[in-house]
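Quick notes on the structure that follows.
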Amino acid sequence: MYKIFFKDRVLVLTANIERDLSQGVGSILKYANQGELRNFIMDFSANSQQARAYIYHHHLNELLTKVKALFRCLPAAGGLVWHADTGAFLGMHRLGHFDLPKGKVEQGESFETAALREVEEECALKVKLLHPLCTTFHTYRLGEDFILKETRWFEMEYRGSDLPQPQSEENIEQVFWVKTEEVKHYLPKTYASIREVLKSSVRLKEL
Numbered sequence: 007m008y009k010i011f012f013k014d015r016v017l018v019l020t021a022n023i024e025r026d027l028s029q030g031v032g033s034i035l036k037y038a039n040q041g042e043l044r045n046f047i048m049d050f051s052a053n054s055q056q057a058r059a060y061i062y063h064h065h066l067n068e069l070l071t072k073v074k075a076l077f078r079c080l081p082a083a084g085g086l087v088w089h090a091d092t093g094a095f096l097g098m099h100r101l102g103h104f105d106l107p108k109g110k111v112e113q114g115e116s117f118e119t120a121a122l123r124e125v126e127e128e129c130a131l132k133v134k135l136l137h138p139l140c141t142t143f144h145t146y147r148l149g150e151d152f153i154l155k156e157t158r159w160f161e162m163e164y165r166g167s168d169l170p171q172p173q174s175e176e177n178i179e180q181v182f183w184v185k186t187e188e189v190k191h192y193l194p195k196t197y198a199s200i201r202e203v204l205k206s207s208v209r210l211k212e213l
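Just add 6 to the spot in the sequence shown (first one is 1) and you have the working numbering.
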């Protein structure tokens, strides 16, 4: 199953509709062709009252490829950074939301290299990459383009005592360490895709 977020609304791609179907179903499409797929996605995008919709196809990765073909795709990478000594993770305030360090993958970069670079640039800390965490997808408009941003997330570790510093030119107001018992305080103040990242970590499995 893949989730594509339209702000706080979600388009679910699945190869097993019986398993993944949830309460409060909006619309369901069985993939047949690109024209129907485009119309279904455009209708969902325009209907802000519809919280969730489903598209299913017997081959999930093939379905994702067909959906991507309808967007301008931008790769990005980010990190869920844990402090080795305190067990807290690195969070930030950006544009009025709680967020995690992330950014676009530059030409010639791997996702891993981009994730490490973005954490260093946005928080002024040198970190160690541990392992892949999850991938999130979200959409937005940029002029006439309909963007699909694919962000690959990695868990990371920081060892040291330096204070993180926000990168102001990226609209980051504050960077700080968050204790695991405090995380539920930030969930209503963040993006749906960031909630998915937090929930995917075994250290935050109670969310």
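For glycine and all other residues, C-beta sits at the position ideal for the given N, C-alpha and C.
Beta strand (DSSP E) runs contained entirely in the stretch 102-175, provided each spans 3 or more residues = Counting whole runs of 3 or more residues, the stretch 102-175 contains the beta strand (DSSP E) stretches 103-105, 108-110, 134-148, 151-164.
In terms of residues, what are the limits of the alpha helix (DSSP H) holding residue 41?
-> 40-52 is the span of the alpha helix (DSSP H), which, as asked, contains residue 41.
Beta-carbon gap between residue 124 and residue 108 smaller than 8 Å | Contact flag set, yes.
Can the beta-carbon of residue 161 be found closer than 8 Å to that of residue 207?
-> Residue 207 is positioned such that its CB atom lies closer than 8 Å to that of residue 161.
Can the beta-carbon of residue 83 be found closer than 8 Å to that of residue 117?
-> Yes. Within cutoff.
Quick one: Cα of residue 145 to Cα of residue 165, how far?
-> Their Cα atoms are separated by approximately 34 Å.
Over what stretch of residues does the alpha helix (DSSP H) that includes residue 206 continue unbroken?
-> Membership of residue 206 in the alpha helix (DSSP H) is indicated by the continuous run 198-206.
As assigned by DSSP and simplified to three states, the class of residue 76 | Coil, per DSSP.
So, are the CB atoms of residue 99 and residue 179 less than 8 Å apart?
-> Pairing residue 99 with residue 179 gives a Cβ-Cβ distance under 8 Å.
Member of 53, 142, 152 whose CA lies at the smallest distance from the CA of residue 79 | Per the Cα distances, 152.
Three-way DSSP call (helix, strand, coil) for residue 192 in this model = Correct three-state label for residue 192: helix.
Start and end of the beta strand (DSSP E) containing residue 223?
-> Because the chain spans 7 through 213 in this model, residue 223 falls outside it and cannot be assessed.
In three-state terms, what does DSSP make of residue 86?
-> DSSP places residue 86 in strand when its eight states are reduced to three.
Could you tell me the boundaries of the beta strand (DSSP E) in which residue 209 lies?
-> Counted as a single uninterrupted DSSP element, the stretch harbouring residue 209 is not any beta strand (DSSP E), since DSSP gives it neither H nor E.
So is residue 2 buried or exposed if we call it buried at 16+ other beta carbons inside 10 Å?
-> The first residue shown for the chain is 7 and the last is 213, placing residue 2 beyond what the model contains.
Same chain, Cβ closer than 6 Å to residue 181, five either side skipped, listed in chain order = Taken in chain order, the residues that qualify are 98, 129, 170, 172.
CB residue 19 to CB residue 73, shorter than 8 Å?
-> One thing to note: residue 19 has its Cβ within 8 Å of the Cβ of residue 73.
Residue of 33, 115, 41, 64 minimising C-alpha distance to residue 56 | For residue 56, the nearest C-alpha among the options comes from 33.
Helix, strand or coil for residue 27, going by three-state DSSP, please let me know.
-> Of the three classes helix, strand and coil, the one that applies to residue 27 here is coil, per DSSP.
By a C-beta neighbour count over all protein chains shown, 10 Å radius and 16 as the cutoff for buried, is residue 92 buried or exposed?
-> By the 10 Å Cβ count, residue 92 comes out exposed.
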